[in-house]
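Peer 1: A single structure is presented below for examination.
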Amino acid sequence: MEIKKISENIYEIPKKAGMNVPGRVYASEKLLEAMKQDNTLDQVANVAHLPGIIKVSIGLADAHSGYGFSIGGVAAFDMDTGIISPGGVGYDINCSVRLLRTNLKKQDILKKQKEIVKALYKKIPSGVGRGSPFKLSKEELKKVLEGGAKYMVERGYGNKEDYLHMEEEGCLSGADSSKVSERAKSRGIGQLGTLGAGNHFLEVQYVDEIYDEKTAKAFELEKDQATIMIHCGSRGLGHQVASDYIRLMENEYGFKNLPDRELINAPIKSKLGKDYYAAMAAAVNFSFANKQLITHWIREEINHLFPKAKLEVVYDVCHNIAKFEEHIIEGKKKQVCVHRKGATRSFGAGRKEVPIAYRKVGQPVIIPGSMGTASYVLVGTKKAEELTFGSTVHGAGRVKSRSAALRTLRGEDVKKELNAKGIEVEAGGWKSLAEEAPQAYKDIDEVVKVVDELGISKKVARLKPLVVIKG
Amino acid sequence: MKFKFLEHTADIKFQAQGVSLDKMFENAGLALIKSMFEEKVKAKKKENFKIQGQDLESLLYNFLEEFLFLFEAKGFLASKIKVKMSKDKKSLEAEIQGDDAKNYKIHTHIKAITYNEMFVKQQGKNWVCQVVLDI
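See the structure below:
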């Protein structure tokens, strides 16, 4: 694969036969080397083949091999000539991160660390096949799919300030539950309020370092303050929506002229394109509602242990999503369809999509680390709007396969290591602990350093875990 | 060898084989279950399904997805799989025996079947397929 250095941390994959635009990779030399070990760069180039793609096909600093699109990939499409692709969103639709701030301090958490880990692990269903005690009727599920976190707040699980501090205010418009198959609904109906497994987690953390006092103040974050991070998605419902529409699009359009079968797509304005958007939006809302219920349960448990505790939503960012947004294209403001697969929106100050409380500084960007390592809060920038359709990285990205992690690491040792660092951990099993060990991931510090240098999001604060719940 | 697992950075990759397409499909189903749960599952209950696909790859995708559906929507974990392929190879009937998933501690959650690096092909006398699972 030919790749050209444009400037520090910016590389180009030149336009070749079949590509409508060049590829662009935002990474350091070290991170680029890791990408060359799998087919990340081929995937960035493949996306450039799709109809209606605008400017460049992007791979961000945390990019790694996905299906069709790479994870850590961004692409924008023209509303008239462009496409929407389930592969550009991913199977875990709206796999996302919510950060809560508290009025507790690191010292408060340390005093009750063991009680907290036990209480949260018991209350929030996590791991494979652990269903939710929260029962939903079909009619209620419809409202969840079309109302997201907003509907859950109306039901009494939270307050208005919660959803005002979320991307899309916790409810992506255009969702239509009738476009979600019965199969997908039956996979999701018993899972509202569950964390799931794999890389999903729940952490109680503290603010370990502040890089930007002014912005941290706007986000109401200060040193040694306790925070809580929730990382999960739309569960089986979202996975089934992706599979259903891949099948429908294959039947309608075939895949013979695509460089990769997983790049299956439909024109944005076709019936199938519109149906997929409506179903995807419903899955996005399921994920928002899922985290809202989890937030409610966390509040119950934390308030039980600390009666005066107050938990507020800092922000909730989507990782796997396609959205219609306005961007400047060739000097003109234009609506385009932005696909972010394993990428975070990173809008700067002034944009109407940013909550009023943060509009003067830019949106919070929440980047989870791997289990037991630091996570970061950054702020969105104008530069991201110029370079990456308002997008930045979503996390560390794996470097070691799960089987390699299992061969070289034991869950028991991973737990001991975490304990030695002062972190309490509960997990579904030893195996998931070993598979998700920090050693299996890219260096989050390097990933964050690159996006900060590029200016597609700027560092605000670093968070370190005290309590970890793994699925 | 019915199936084997291969290296993949983020996900699970396996190859399954059989002397016929029916056997290869059965073994692919067993590989999927094995990736979620290591021990033996008891054969206490039955489930049947019939699925279609426009080619062998989509038939395999749809077939494997059925196990995820049975697991998440019905709490069913398969142990014995019997497949009968139609003559035109565009549909198949499957008879599954298995048990309630709640009786087992499942270690890995499979989010979805993918077409990533998927193939179904004849190799000498055997049929072989490769599948990557999103986890």
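Protein chains in written order, with my numbering: chain B, 1 to 471; chain U, 472 to 606.
Backbone N, C-alpha and C fix where the C-beta goes; we use that ideal spot for every residue, glycine too.
(1) Could you check the C-alpha separation between K223/B and N39/B for me, to the nearest Å?
(2) For Q601/U, name the three-state secondary structure that DSSP assigns.
(3) Quick check: N519/U and A572/U, are their CB atoms within less than 8 Å of each other?
(4) Between which two residues does the beta strand (DSSP E) containing D208/B stretch?
(5) Under a three-way DSSP split, which group does Y67/B fall into?
(6) At a CB-CB cut-off below 8 Å, which residues of chain B make contact with E478/U?
(7) If you follow the alpha helix (DSSP H) that S28/B is part of, which residue opens it and which one closes it?
(8) Just mark E472/U as buried or exposed, buried being the case when its beta carbon has 16 or more other beta carbons within 10 Å.
(9) Pull out every residue of the segment 262 to 295 of chain B whose Cβ sits closer than 9 Å to any Cβ of chain U, in chain order.
(10) Do the segment 182 to 199 of chain B and the segment 71 to 80 of chain B make contact, defined as three or more Cβ pairs closer than 8 Å?
(11) Contact criterion: CB-CB distance below 8 Å. Does E536/U meet it with respect to chain B?
(12) Listed in chain order, which residues of the segment 16 to 29 of chain B have Cβ atoms closer than 7 Å to some Cβ of chain U?
(13) Out of L604/U, V603/U, V591/U, which one is the CA nearest neighbour of S491/U?
(14) Does the pairing of the segment 109 to 129 of chain B with the segment 262 to 275 of chain B give three or more beta-carbon distances under 8 Å?
(15) Relative to chain B, which residues along the segment 550 to 568 of chain U have a C-beta separation below 9 Å, given in chain order?
(16) Quick one: give me the first and last residue of the alpha helix (DSSP H) that V89/B is part of.
(17) Which of the three DSSP states, helix, strand or coil, is assigned to I329/B?
(18) For the beta strand (DSSP E) that L99/B lies in, which residues bound it at each end?
(19) For my contact list, K431/B and H578/U are in at a C-beta cut-off of 8 Å; report their separation, rounded to the angstrom.
(20) Less than 8 Å between the CB atoms is what I'm expecting for I367/B and G395/B, so what's the real figure, rounded?
(21) Reducing DSSP to helix, strand and coil, say where P438/B ends up.
(22) Going by alpha carbons, who is nearest to Y277/B out of G158/B, G362/B, L145/B?
(23) Where in the segment 530 to 599 of chain U do unbroken runs of the beta strand (DSSP E), each at least 3 residues long, occur, reported from the N-terminal end onward?
(24) Starting from Q525/U, find everything on chain B with Cβ-Cβ shorter than 8 Å and list it in chain order.
(25) May I ask you to list, following chain order, the residues of the segment 587 to 602 of chain U that have a beta carbon less than 8 Å from some beta carbon of chain B?
(26) Could you tell me whether the Cβ of Y67/B comes closer than 8 Å to any Cβ of chain U?
(27) With a cut-off of 8 Å, does the C-beta of L245/B fall near any C-beta of chain U?
(28) Thinking C-beta only, is L202/B closer than 8 Å to I302/B?
Peer 2: Reading it off the structure:
(1) So the two alpha carbons sit approximately 40 Å from each other.
(2) DSSP places Q601/U within a strand segment (E or B) once states are collapsed to three.
(3) Contact annotation: N519/U and A572/U have beta-carbon atoms that are not nearer than 8 Å.
(4) D208/B -> beta strand (DSSP E) spans 201 to 210.
(5) In the three-state reduction of the DSSP assignment, Y67/B falls in the strand class.
(6) Correct list: S401, S403, A404.
(7) Neither: S28/B is in no alpha helix (DSSP H) and is coded neither H nor E.
(8) The identity of residue 472/U in the sequence shown is Met, whereas the question assumes Glu. By the C-beta density criterion, M472/U is exposed, having fewer than 16 other C-beta atoms within 10 angstroms.
(9) E262, I264: these are the residues of the segment 262 to 295 of chain B whose beta carbon lies less than 9 Å from some beta carbon of chain U, given in chain order.
(10) The segment 182 to 199 of chain B makes no contact with the segment 71 to 80 of chain B, as fewer than three CB pairs between them are under 8 Å.
(11) With 8 Å as the cut-off, E536/U counts as an interface residue toward chain B.
(12) Against chain U - using a Cβ distance shorter than 7 Å - the segment 16 to 29 of chain B contributes no residues.
(13) Taking each of L604/U, V603/U, V591/U in turn and checking the Cα distance to S491/U, the smallest one comes out for V591/U.
(14) No, because fewer than three Cβ pairs between the segment 109 to 129 of chain B and the segment 262 to 275 of chain B fall closer than 8 Å, the two stretches do not touch.
(15) Close to chain B, meaning a Cβ-Cβ distance shorter than 9 Å, is no residue of the segment 550 to 568 of chain U at all.
(16) In this chain, the alpha helix (DSSP H) harbouring V89/B covers 86 to 89.
(17) Three-state DSSP puts I329/B in a strand.
(18) If you look at L99/B, you'll find it in the beta strand (DSSP E) that goes 96 to 105.
(19) The pair is a contact, with the Cβ atoms about 5 Å apart (cut-off 8 Å).
(20) Between G395/B and I367/B the Cβ distance is about 6 Å, and since that is below 8 Å, they are a contact.
(21) Three-state result, P438/B: helix.
(22) Scanning G158/B, G362/B, L145/B for the CA closest to the CA of Y277/B turns up L145/B.
(23) Within the segment 530 to 599 of chain U, the runs of beta strand (DSSP E) at least 3 residues long that lie entirely inside it are, in chain order, 547 to 556, 562 to 571, 583 to 594.
(24) Going along chain B in sequence order, the residues near Q525/U (Cβ under 8 Å) are E250, N251.
(25) Against chain B - using a Cβ distance shorter than 8 Å - the residues of the segment 587 to 602 of chain U are N587, M589.
(26) At a cut-off of 8 Å, the C-beta of Y67/B has a neighbouring C-beta in chain U.
(27) Strictly speaking, residue 245/B in this sequence is Tyr, with Leu absent from that position. Closer than 8 Å: no.
(28) Between I302/B and L202/B, the gap from beta carbon to beta carbon reaches 8 Å or more.
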